[in-house]
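Chains as they are written, first to last, in my numbering: chain C, 1423 to 1778; chain S, 154 to 444. All residues carry an ideal CB built from backbone N, CA and C; glycine is no exception.
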Amino acid sequence: MAHAAAAIPGTSHAEPFIRIDGLNRHFAGGAGVHDLSLDIPRGSFTTLLGPSGCGKSTTLRLLAGLETPDSGSIRIDGRDVTTLAPSERGLSMVFQSYALFPHLSVKDNIEFGLRVRRVPAGERRARLNEALDLTDLRGFEARKPAQLSGGQRQRVALARAVVAGHPLCLMDEPLSNLDAKLRHSVRQDIRRLQRRLGMTVIYVTHDQTEAMSMADTVVLMRDGRIEQAASPADIYANPTTEFAATFVGSPPIQMMPPLSGEQAPRVGIRAEDLHLVEPKKGLLTVSVTSTEFLGAETYIYVRATEGDDIIVRAPGRVEPAPGTSFDLDWQPEAAHRFDQKGNRLALHRKTLVPAE
Amino acid sequence: MKPRSQSLYAWMLLFPALVLLSTFAFYPSIATLWSSLFTRGSARRPAKFNELGNYADLFADPVTWKVIGNNLIYAGVTIPVSIAIALLMALWADSRMPAKSFVRTAYFTPTMLPMIAAANLWLFFYTPGIGLFDRIIGVFGFDSVNWLGQPETALWSIILVTIWKESGFFMIFYLAALQTIPPELKEAAIIEGTSRWTYLRRVVLPLLMPTTLFVLVNALINSVRLIDHLFILTKGGPDNATKLILYYIWELAFSYLDAPHAAAMTVLVLIALGIVATIQFRLIDKRAHYR
């Protein structure tokens, strides 16, 4: 079988938990997904990352069965579910808006699916209690969604997803309605919950920090196609395209102006790999335009004779005066080289070794 | 600002509303109550205080009971049926279908037509022999029916016109309410394996409850208020079969020139409507606070 799925580490089994094969769903105006193939191992946390309109949400809705593909197949746990109804696929879903029923209490919201499936009262109570404990919602059972804070509503949506006990949970930007501080802690909560329950989670987001910090595998999408699917460390260290390089990482990879003695048309370097050195001792002459102090580090904005501002990350607090001339220097292996179309040129792979 | 000038300021702001309400609401109500307590005056016998005599007369008159009975049947049928039809039409018009806006406009047409014009249309439908309904049942070999001319069918014919008129109006409210329900709720329900019927019963209908109560209040008031079509179609006949309360009051006041009895009947209606409105608003407060 000619299977062109994106390679994901850890997919050595005969058949992965989820196998998407040649999936197509076209919309008027060019959006949708095009010939998408992807394998997802059981128990993994996969994020679908990309700018809006890249097809990540469509992919999730196709998996959920809320959309029907034009062609291609979806297999979950060895079963072809391409034409099955959402409820027959054995999955739960957390919506961006949470989709809580406003007229039902927290308890009734969580139990909704169990009641629909006529789960006996005893088992229902046990599962409800477990879900309430997992999401730390005890004491809120009788409240209506309108009486809860954003974070609590989000937890109710999570509880509703885990109470069913399905092995697969789909999440569509579940944190985008929370404030930044809460988002950080809920990120940890979701990850813990996923590990504890051994669920397979597919998580859609446009926030690369979220994707990088949570996922086992980041699937970066663009224009309805997979740009790169790899572990966060790998996608950061070895972006296969210029798009992947600039989308992942904060600040994004810094694209250099044309360099003398460089064959590659496009060169990008991570801000932490750039150093400012004495004039004439580096590879590119630049002058400082501004600085941004962030506490543990400082972003120094510099500019060469042509091209945009380049960000250099410097530890601690440094304040070079605007207009000061420096040279920009970097290790040769830090350079990510791309051709005119944005595909990676250099074939050496970087390995990020976890710091001890 | 001193308290005194502040209260003057308040009175000035309230003044326009106070004048309007006094002229068109408070004074007429009190005048009605007042005149319902006096006999009808004439040149030879001036009006004199009659205590509750006018009310006693009304309760003793079988026509009053007939009219109240008519109105109860009228309200009891038109309200639930028009609300049910409105809901069905709204659910249908809210779903994906071709010519959606045309269907919505078509449903709303009866509401836009003046009741007098609509009644004239229906008069043609009901006309014995040459009317639309007689033509249709004639095709199937039935005899001609004088829909509006016999006591057995007259009230039901009026009820049909009212349902036709009201359903489209109520549908607009339901349609608006349905469009405020986020589509994710349906998707969340679908993923849980909810059938369409269960989704309707457990999610849509409860979320429409505030609308239903609002529509119910309107329908109830309309069941007393809407009598325009009686003037065209039946004038309350035959044999009082289609006489409704407001038409009866109009008749007492302007056909029999019996203002005191008309006033007494009006007071009774106001009391009844007041009680019903109070109960309904209590219900609304109780059932609709989750928004």
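Contact between the segment 1518–1525 of chain C and the segment 325–339 of chain S is present: 3 or more CB-CB pairs across the two stretches fall below 8 Å.
Sorting C:D1558, C:I1496 and C:A1583 by C-alpha distance to the C-alpha of C:E1533 places C:A1583 at the top. Look at C:G1572: its C-beta is not under 8 Å from any C-beta on chain S. Counting only runs of 3 or more residues that sit fully inside the segment 239–308 of chain S, no beta strand (DSSP E) segment turns up. Rounded to whole angstroms, C:P1596 and C:K1529 show a C-alpha spacing of 20 Å.
DSSP, reduced to helix, strand and coil, places C:Q1650 within a strand of the structure shown. Shown here for C:L1570: same chain residues with a beta carbon closer than 8 Å to its own, the five before and five after excluded, namely V1528, F1562 and V1578 in chain order. Beta bridge pairing from DSSP links C:L1590 with C:L1513 and C:T1622. Close CB contacts of C:R1613 within its chain, under the 8 Å cut and outside five residues either way in sequence, are with F1467 and M1636 (chain order). Under the three-state reduction of DSSP, C:Y1721 is assigned to strand. Here S:F434 is actually not in contact with S:V368; their C-beta atoms are around 14 Å apart, not less than 8 Å. Our two residues, S:S188 and S:A272, have alpha carbons roughly 34 Å apart in a direct line. Contact of S:T347 with chain C is assigned, a C-beta pair being separated by under 8 Å. Residue range R1688 to I1691 is occupied by the beta strand (DSSP E) that includes C:G1690. In the DSSP annotation of this structure, the continuous segment of the beta strand (DSSP E) that includes C:F1715 starts and ends at L1706 to F1715. When 9 Å is used as the limit between beta carbons, S:L360 is near these residues of chain C: F1523, P1524 and H1525, in chain order. Take C:G1620, set aside five residues on each side of it, and the residues of its chain with a beta-carbon closer than 6 Å to its own are G1465, in chain order.
For S:L373, no Cβ of chain C is located within less than 8 Å of the residue's own Cβ.
Taking CB atoms only, C:M1677 has no neighbour in chain S less than 8 Å away. DSSP, reduced to helix, strand and coil, places S:T333 outside both helices and strands of the structure shown, so it counts as coil.
Apart from the 5 residues on each side of it in sequence, S:G194 sits with its Cβ closer than 6 Å to the Cβ of A200 in its chain, given in chain order.
Rounded to whole angstroms, the gap between the alpha carbons of C:A1652 and C:V1641 is 7 Å.
For S:R378, the enclosing alpha helix (DSSP H) stretches over residues M362 to R378. DSSP places C:R1549 in the uninterrupted alpha helix (DSSP H) bounded by A1543 to L1556. When the Cα atoms are used, C:T1711 and C:E1700 turn out to be separated by approximately 17 Å.
Bridge partners of C:G1454 according to DSSP: C:H1448. One Cα belongs to C:T1481, the other to C:A1743, and the distance between them is close to 49 Å. Our two residues, S:W218 and S:R354, have alpha carbons roughly 39 Å apart in a direct line.
C:T1663 sits in a strand when the DSSP states are folded into three classes. The beta-carbon distance between S:T387 and S:I312, rounded to whole angstroms, is 12 Å. This is too long to meet the 8 Å contact definition.
Using beta-carbon distances, S:P335 counts as an interface residue toward chain C, with a partner under 8 Å. Note that the C-beta distance between C:M1515 and C:L1592 is below 8 Å. Counting C-beta atoms within 10 angstroms of its own C-beta, C:Q1630 has 16 or more neighbours from the protein chains shown and is therefore classed as buried. In the structure shown, C:D1461 adopts extended strand secondary structure according to DSSP, grouped into three states.
Relative to the Cα of S:N224, the nearest Cα in the group S:V356, S:A372 and S:A184 belongs to S:A372. Looking at the DSSP output, C:N1531 sits in no beta bridge, so it has no partner there.
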